[in-house]
Amino acid sequence: MSKLQITGGNSLFGELEVQGSKNAVLPIMAAALLHKGITVIQNVPCISDVLVTIEILKALGASVTFDGYQMVIDASVLTSCKIPAEYVTQIRSSVIFLGALLARCKEVYTCQPGGCSIGKRPINWHLEAFRKLGAEIMEDEENLYAKATNLYASEIHFACSSVGATENILLAATAARGVTVIHQAAREPEVMELCWFLQTMGAEITGIGSPCLTVKGGCKLKDTVYCVSSDRIVAGTYLCACVATGGKVILRKAPVAFMQSTLRTLALTGAEITTYEDNICCMQRQHPLPIAELCTQVYPGFPTDMQSLMLAVLCMAEGTSSIYERIFEGRFAIVEQLQKMGADIEVLNNNRKVVIRGNGALTGAAVKASDLRAGAALAVAALAAKGESTIEQYHYIARGYVAIAKDLKQLGGNICLID
Ligand code: EPU
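Numbered per my numbering, the sequence shown spans residues 810 to 1228.
This is the structure in structure tokens:
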């Protein structure tokens, strides 16, 4: 099993180019199935979630080529509407194939998505919205079958903002008769990107970036070339590594417009941040300052995917900080690992809040990644800590980072990946 080995203490200096966005590309790959033809996607990151999604596309009958940057999906002919269980349990985003296959094949067989280490993550809002579009859904504890002889446009009112449910309904609505209106739609950049991609494909969508999206169903779709934007969480990860260790890092090809809350939050720690077009320069001259209250929120608020990373940064502050997690109910598994590194963190409010009493230091330890972002956050903590750390369960990190060890080494970190 691969693991990261890190000797902390080096400040990070240098420049990096940011990889393509995981959460933008995964639903776009599913959306390629809407069109009986060719879709070319560029700036695709070579991460394990993308590789698993390629296997799903192939299992459904699409042909896929991928050279590490550009992916060509030929979905002219599909041979199956069954998403193999082995992939559904590996990646949550496989749920977006429900909307794509309902639109394209009018039926889909899948299984219940597996549990995840950041919370329960039910899909009840997805299924309720499909039913409103006229789909029939049968499910038991293991399996899920959805069928829609005809999809009809409808007014969907989500109870709360959900990225995945919004994406799923966007896809199904492209094939529904009439104009579907999605109220309380998620506004995350990845939802916007899916809309832009669908527009390039020929779909008619309005309200992009707002909480009310309208989709005109039945538009003729066409072959498309689309370049996905860079990953705002990967960019945020490397900025956190800079802020935790001190130093100066310049990011190229950064999605600056999508990162405003992250940049504002990092500035609260004393980091000097300047942006120019798609470049971010971040300099940290001292220990990070504590943040009295940080709260995760839906976009454009501070993203839940940056929460573990900021937790690692705030362990290196001198003083007390607190973080409130409002999106997922189980996203503090990292605390136990950071405690092994000497962090003084208390979990409160039924696992929703942490108080971090930082003393400006961490010590290297043998720790384990419990999910993707927690794994990256442990790498940030280990780079700032005194001494050697190992981070096991690297496969979680490989889900979303093309080459975290190579990138951080390029910035001067003492880090390597051991197979
Ligand atoms: N929720 C429900 N019922 C539903 C759908 C969602 O109760 O039917 C709840 C969830 O349990 C959660 C909240 O609503 O408490 C928000 O979940 P959302 O549906 O927005 O999340 P998601 O679509 O499952 C995506 C990203 C996550 C990211 C969240 C929030 C992808 C593949 N995943 O998940 O990314 O944290 O949005 O921004 O796009 C990651 O990249 O590490 C990651 C976990």
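Where a beta carbon is used, it is the ideal one built from N, C-alpha and C, also for glycine.
For the ligand EPU, is there a heavy atom less than 8 Å away from the beta-carbon of residue i?
i     : result
N933  : yes
E1081 : no
E997  : yes
Y1108 : yes
T1046 : no
E976  : yes
C969  : yes
R930  : yes
P893  : no
T1113 : yes
L835  : yes
R1182 : yes
N832  : yes
G1018 : no
G1027 : no
V873  : no
E1138 : yes
V972  : yes
G1209 : yes
I1042 : yes
I797  : No statement about residue 797 is possible, as the shown extent of the chain runs from 810 to 1228 and does not include it.
I927  : yes
Inspect the beta-carbon positions of residue i and residue j and report whether they are closer than 9 Å.
i     : j     : result
A894  : T848  : no
T958  : S903  : no
I1229 : L1003 : This structure leaves residue 1229 out entirely; the chain is present only between 810 and 1228.
E824  : I1059 : yes
E1226 : A1121 : Looking at the sequence itself, residue 1226 is Leu, so the reference to Glu does not match. For L1226 and A1121, no; Cβs fall outside 9 Å.
V859  : Q879  : no
A909  : G943  : no
L796  : C1090 : What is shown of the chain runs 810 to 1228, which leaves residue 796 out entirely.
L960  : V990  : no
V1156 : K1149 : no
V1107 : I1136 : yes
S857  : D1180 : no
L1077 : I1100 : yes
D1087 : K1062 : yes
E1201 : A1178 : yes
L936  : R913  : no
Q1019 : R996  : The amino acid at residue 1019 is misidentified as Gln; the sequence shows Ser. The answer is yes: Cβ separation under 9 Å.
V1164 : S1117 : no
I850  : I882  : yes
I965  : I978  : yes
M1125 : A1053 : yes
Would you kindly work out how many angstroms separate the C-alpha atoms of residue i and residue j, rounded to a whole number?
i     : j     : result
V1024 : A982  : 6 Å
Y1047 : W1005 : 27 Å
I932  : E950  : 13 Å
R1166 : I1154 : 6 Å
G928  : E1138 : 5 Å
V1037 : F1067 : 13 Å
E976  : N1168 : 42 Å
A1129 : E948  : What sits at residue 1129 in the sequence shown is Thr, not Ala. Answer to the nearest angstrom: the Cα atoms are 47 Å apart.
G1026 : T1084 : 39 Å
L869  : A839  : 11 Å
R1182 : R1208 : 10 Å
K941  : L866  : 27 Å
K831  : E1134 : 22 Å
C1104 : C890  : 40 Å
A938  : G1184 : 34 Å
L1123 : Y1210 : 22 Å
T898  : Q1095 : 43 Å
K1029 : L1007 : 11 Å
S963  : G1045 : 38 Å
R1073 : D1114 : 16 Å
S1039 : L911  : 29 Å
V988  : P998  : 23 Å
G1196 : T1172 : 6 Å
L1220 : F875  : 28 Å
A833  : Q1093 : 30 Å
M1204 : S811  : The amino acid occupying residue 1204 in the given sequence is His; Met does not appear at that position. So the alpha carbons of these two residues sit roughly 7 Å apart.
P1064 : V827  : 9 Å
K1218 : S1198 : 15 Å
Closer than 8 Å: is that where the CB of residue i sits relative to any heavy atom of the ligand SAH?
i    : result
R901 : Looking for the ligand SAH in the displayed structure turns up nothing; the ligands present are the ligand EPU.
Kindly indicate if chain D contains any beta-carbon less than 9 Å away from that of residue i.
i    : result
L887 : This model lacks chain D altogether; it includes just one protein chain.
Open item on the list: For the region 1003-1021 against the region 829-843, do three or more pairs of beta-carbon atoms, one drawn from each stretch, fall closer than 8 Å, so that the two count as touching?
Closed with: Because the criterion of three Cβ pairs below 8 Å is met, the region 1003-1021 and the region 829-843 touch.
- [ ] Tell me, please, whether the region 814-831 touches the region 1187-1207 by the rule of three or more beta-carbon pairs shorter than 8 Å.
- [x] Counting Cβ pairs under 8 Å, three or more are found: they touch.
Task: beta strand (DSSP E) runs contained entirely in the region 1068-1122, provided each spans 3 or more residues - done: For the region 1068-1122, the full-length beta strand (DSSP E) segments reaching 3 residues or more read 1081-1085, 1088-1093 along the chain.
TODO: Report the residue ranges of all beta strand (DSSP E) runs contained in full by the region 1144-1187; include only those spanning at least 3 residues, in chain order.
DONE: Listed in chain order, the beta strand (DSSP E) runs fully inside the region 1144-1187 are 1154-1157, 1162-1168, 1175-1177, counting runs of at least 3 residues.
TODO: Please go through the region 1035-1068 and give each complete alpha helix (DSSP H) segment of 4 or more residues, from N-terminal end onward.
DONE: Within the region 1035-1068, the complete alpha helix (DSSP H) runs of at least 4 residues are 1041-1054.
TODO: Counting only runs of 4+ residues fully inside the region 988-1026, write out the alpha helix (DSSP H) ranges in chain order.
DONE: Restricted to the region 988-1026, the alpha helix (DSSP H) segments that are unbroken, complete and at least 4 residues in length are 998-1010, listed in chain order.
Task: Minimum length 3: unbroken beta strand (DSSP E) runs contained in the region 909-992 - done: Restricted to the region 909-992, the beta strand (DSSP E) segments that are unbroken, complete and at least 3 residues in length are 916-920, 945-948, 952-956, 964-966, 988-992, listed in chain order.
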